[in-house]
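Asks: Numbering of the sequence shown is given in the working numbering, commencing with residue -8 and proceeding in unit increments. From the three backbone atoms N, C-alpha and C, an ideal C-beta is built for every residue, glycine too. Just so we're clear, the structure is a prediction, and the values are computed from it rather than from any experiment. Let me give you the structure first, and then I'll get to my questions.
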Amino acid sequence: MIEDDAMLADLLARALRKTFDAAHLSVFATGREGVEHCPAQPPDLLLVDLGLPDMNGRQIIRTLGEKLPSLRVIVLTGESSPRLPGELLALGASGFVDKMSSFDEVENAVRRVLDNGLYFSAGMKPSPPSRGARDTPPSGPPPSVLSEREREIARFVTDGLISKEIADRLGLSPRTVEKARAQILAKLGLRDLPSLVRWSLQHGLS
-8 MIEDDAMLAD
2 LLARALRKTF
12 DAAHLSVFAT
22 GREGVEHCPA
32 QPPDLLLVDL
42 GLPDMNGRQI
52 IRTLGEKLPS
62 LRVIVLTGES
72 SPRLPGELLA
82 LGASGFVDKM
92 SSFDEVENAV
102 RRVLDNGLYF
112 SAGMKPSPPS
122 RGARDTPPSG
132 PPPSVLSERE
142 REIARFVTDG
152 LISKEIADRL
162 GLSPRTVEKA
172 RAQILAKLGL
182 RDLPSLVRWS
192 LQHGLS
């Protein structure tokens, strides 16, 4: 966790250690400390504040994303904008939590992202490209490279569902869904969940 508010960081750390048995949770008050630590000991999940005094949270996500492409990130923020979910996805984050949220919501966000899902606070999900952006041809392969079932799974992923929830809806096993998700990424030449969601939104699979 990279959070400069000492009281908030301490409360969150206590709650997360208790709920997730996170014995190896490391907390840093500055962005530079966190950026130096993560490559040496890659975390399962990074919680990062956007409004750090020494280093912009967006810059931290970009920097660590280049060094750790599979790093999962949840943003802690006081910002509120309809464009924020899409911006954070473009940076490579898997979601965000409003700092005014309860600890239960933070824990829910952590649980969903660790389960390879998305979490966007207050139901603020990524939206399709704006009218002007839609004039630009979508990037990446067309949806036709995927089977109908794979497109269906991609839609559910874009809605933030985890594999178990998708499996329940489709009458499949979670392992089958996980395998399908990996095949979808391989067919599209994508490396992570945020990239898949951006592709789905660009191609109207939302």
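(1) Below 8 angstroms on the Cβ atoms is my contact criterion, and I expect residue 88 with residue 65 to pass it. Report the Cβ-Cβ distance as a whole number of Å.
(2) Identify whether residue 95 lies in helix, strand or coil by the three-state DSSP scheme.
(3) Which of helix, strand or coil does DSSP assign to residue 10?
(4) Closest by CA to residue 143, which one among 132, 157, 131 and 133?
(5) Helix, strand or coil for residue 88? Go by DSSP, reduced to three states.
(6) Which residue wins for smallest C-alpha separation from residue 161, given the options 178, 139, 47 and 42?
(7) With residue 51 as the anchor, note down where its alpha helix (DSSP H) starts and where it stops.
(8) Between the stretch 94 to 105 and the stretch 6 to 16, are three or more C-beta pairs nearer than 8 angstroms?
(9) Excluding sequence positions up to five away, which residues of its chain have a Cβ less than 7 angstroms from the Cβ of residue 165?
Replies: Answer, in terms of the structure:
(1) Counting from one through the sequence shown, the residue named residue 88 turns up at place 97. Counting from one through the sequence shown, the residue named residue 65 turns up at place 74. The C-beta distance from residue 88 to residue 65 rounds to 6 angstroms, short enough to fall under 8 angstroms.
(2) Within the sequence shown, numbered from 1, the residue matching residue 95 stands at position 104. Three-state result, residue 95: helix.
(3) One-based indexing of the sequence shown puts residue 10 at position 19. Helix.
(4) For this step, residue 143 is matched to residue 152 along the sequence shown. When the alpha-carbon of residue 143 is set against those of 132, 157, 131 and 133, the nearest one is in 157.
(5) Position 97 of the sequence shown, counted from the start, is the residue given in the question as residue 88. Residue 88 falls in the strand class under three-state DSSP.
(6) Within the sequence shown, the letter at position 170 stands for residue 161. Taking residue 161 as reference, the option from 178, 139, 47 and 42 with the minimal CA-CA separation is 139.
(7) Working through the sequence shown from its first residue, we reach residue 51 at position 60. Residue 51 -> alpha helix (DSSP H) spans 48 to 58.
(8) yes
(9) As a position in the sequence shown, residue 165 is number 174, starting the count at 1. Excluding sequence neighbours, residue 165 sits near 154, 155 and 158.
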